[in-house]
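Heads up, the sequence shown is in my numbering, so the first residue is 120 and it goes up one at a time.
Note that beta-carbon positions come from the ideal geometry of N, C-alpha and C, so glycine has one too.
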Amino acid sequence: MTVKVIGAGLAGCEAAFTLAERGVKVELYDIKPQSFTPAHSDKNFGELVCSNSLKSNDVYGNACGLLKEEMRILGSLTMEAAANTFVPAGGALAVDRERFAGYITQKITAHPNIKIVCKEAVTVPESWCVIATGPLTTNALSGDISRICGGQLHFYDASAPIISRESINFEKAFFGDRYGKGGDDYVNCPLNKEEYETFVTELLNAERAVLHDFEKREIFEGCMPIEVMAARGKESLRYANFKPVGLKDKEGNRFYAVLQLRKETADGGAYNLVGCQTNLKWGEQKRVFSLIPALKNAEFLRYGVMHRNTFINSPECLNADFSLKTNPQVFFAGQITGVEGYVESAASGIIAALHLYKKLNGGQPVIPDNTTVLGALSAHISGVNPNFQPMNANFGILKPLDKTVKDKKQRYASLAERALESIKKYKESLC
120 MTVKVIGAGL AGCEAAFTLA ERGVKVELYD IKPQSFTPAH SDKNFGELVC SNSLKSNDVY
180 GNACGLLKEE MRILGSLTME AAANTFVPAG GALAVDRERF AGYITQKITA HPNIKIVCKE
240 AVTVPESWCV IATGPLTTNA LSGDISRICG GQLHFYDASA PIISRESINF EKAFFGDRYG
300 KGGDDYVNCP LNKEEYETFV TELLNAERAV LHDFEKREIF EGCMPIEVMA ARGKESLRYA
360 NFKPVGLKDK EGNRFYAVLQ LRKETADGGA YNLVGCQTNL KWGEQKRVFS LIPALKNAEF
420 LRYGVMHRNT FINSPECLNA DFSLKTNPQV FFAGQITGVE GYVESAASGI IAALHLYKKL
480 NGGQPVIPDN TTVLGALSAH ISGVNPNFQP MNANFGILKP LDKTVKDKKQ RYASLAERAL
540 ESIKKYKESL C
């Protein structure tokens, strides 16, 4: 039996390597080096198209650092390549991007169980495959993915910031839905006139992230960044994202403007800033949104992003093992599933391949539980989520601890210790 892996980015290379190491014959398809997407230029696989940083290496204080350790435990090719090509970057794991891609390419091309097919895949195979074509999937394949997913395919990522519940100042916020309908589903963060005008001024003056030329043509068609809305007039947000109409606190007070927060996770550990999709640089997002009184000390679990990013509506289309609900022999991995970031994409390639291998051998996949970052990301892409947007690794998506720990450093360390114990048990279950 031969498994087809479509796409030789981080997710595809991890999937191919994971399967090949277990004795499975793999055909790895990629358009390189015959042609390139608008963002790629290196003939090697596993190309890092943006930063050369894989983010924090802090296992006990950063969720992406924890995810890296989970990946190391499971035998990650990405982590092996990073260890052999790293460059000094303080607490971050940064790499020499050319040597990094070269290392991955050498390991993939030299593997006796992997055959490289330099060809554009234009349709999704009907059996035993992993689709890992990333945010710049070619038009032909995008069309076929859209077909098999019932049109549930998006061509840009427009996400609002997400913050932790513990960091919200509830002395400056209140629960409640507009006109009292629907219960207390939203956290409301009010602003007076002076606070609102200061926020709008700083929002308009904040520095924005630079987009690729091909993104500028596509990104704003279906979603309005909050800074673009604010530029239409200083009152524009008060008639849109920050509309105060129908909102009163328990004392009956009304407000000049109100930002609403909506649960991002079922347990309420993380909240989304409703309508605040933005293209501001991350540091600017923290500075500007922290001007809202209730968010003065907000802990940002994920910053807002707006960029070209083909991804499927995974909760509607995928099982927790990353397979299609309509065809459980077809798996997806990488950013196309709605995981966000280099490390997260690579991790999904590992886990999708492990699940495929289990099924290929007549077994049933075992999903890591959501005390691990891998398990929490699996839950994110498969759980009920009517407002699905891509997600990166953060402690807010993990199952909360059994007891409340106010100190953030201690809380993160406890979550990490629990996750590592769990992922080691998961590895044992694979044997």
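In this structure, Ser548 sits away from Thr490, with a CB-CB distance that is not shorter than 8 Å.
The beta carbons of Gln271 and Asn513 sit about 24 Å from each other, so the pair does not count as a contact at 8 Å. In this structure Ala130 is not in contact with Val145, their Cβ atoms being roughly 14 Å apart against a cut-off of 8 Å. Within the same chain, Gly365 come within 6 Å of Tyr298 by CB-CB distance, once the 5 residues on both sides are set aside. Going by C-alpha positions, Leu186 is about 17 Å away from Pro509. By the Cβ neighbour-count rule, Asp440 is buried, with 16 or more other Cβ atoms within 10 Å of its own.
In terms of Cα proximity to Asn446, the closest of Leu475, Leu322, Glu463 and Ala465 is Leu475.
In this structure, the alpha-carbon of Val377 lies about 47 Å from that of Thr242.
Put simply, the backbone Cα of Arg284 is about 25 Å away from that of Glu189. Annotated as distal: Asn171 and Gly184, with beta-carbon spacing of 8 Å or more. Per DSSP, reduced to three states, the secondary structure at Gln379 is strand. By the neighbour-count criterion, in which a residue is buried when 16 or more other Cβ atoms sit within 10 angstroms of its Cβ, Val503 is exposed. Around the beta-carbon of Gln396, 16 or more other beta-carbon atoms lie within 10 Å, marking it buried. Annotation: the stretch 182–260 contains the following complete segments of the beta strand (DSSP E) (minimum length 3 residues), in chain order: 211–214, 233–237 and 248–250. For Gly457, same chain residues with a beta-carbon under 6 Å away, outside a window of 5 residues either side, are Phe430, Ser433, Ile500 and Pro509 in chain order.
Beta-bridge partners of Phe294 (DSSP): Val306. In the assembly as shown, Leu414 is a buried residue. Its beta-carbon has 16 or more other beta-carbons within 10 Å. By the Cβ test, the stretch 460–477 is not in contact with the stretch 257–266, since fewer than three Cβ pairs between them sit closer than 8 Å.
A distance below 8 Å separates the beta carbons of Gly221 and Asn163. In the structure shown, Phe430 adopts extended strand secondary structure according to DSSP, grouped into three states. In the DSSP assignment, Thr121 falls within the beta strand (DSSP E) that extends over Thr121 to Ile125. Nearest in C-alpha terms to Ser533, of all of Ala139, Tyr179, Pro484 and Arg373, is Tyr179. 8 Å or more divides the Cβ of Gly494 from the Cβ of Pro484. DSSP places Asn391 in the strand class (E or B) of the three-state scheme.
When C-alpha distances from Ala328 are compared across Ile125, Thr121, Gly423 and Leu496, the shortest belongs to Gly423. Beta-bridge pairing by DSSP links Asp149 to Cys237. Ser265 carries a helical assignment under DSSP once its states are collapsed to helix, strand and coil. In the DSSP annotation of this structure, Ile516 is not part of any alpha helix (DSSP H), being labelled neither H nor E. Under the three-state reduction of DSSP, Arg373 is assigned to coil, being neither helix nor strand. For Arg421, the enclosing beta strand (DSSP E) stretches over residues Phe419 to Arg421.
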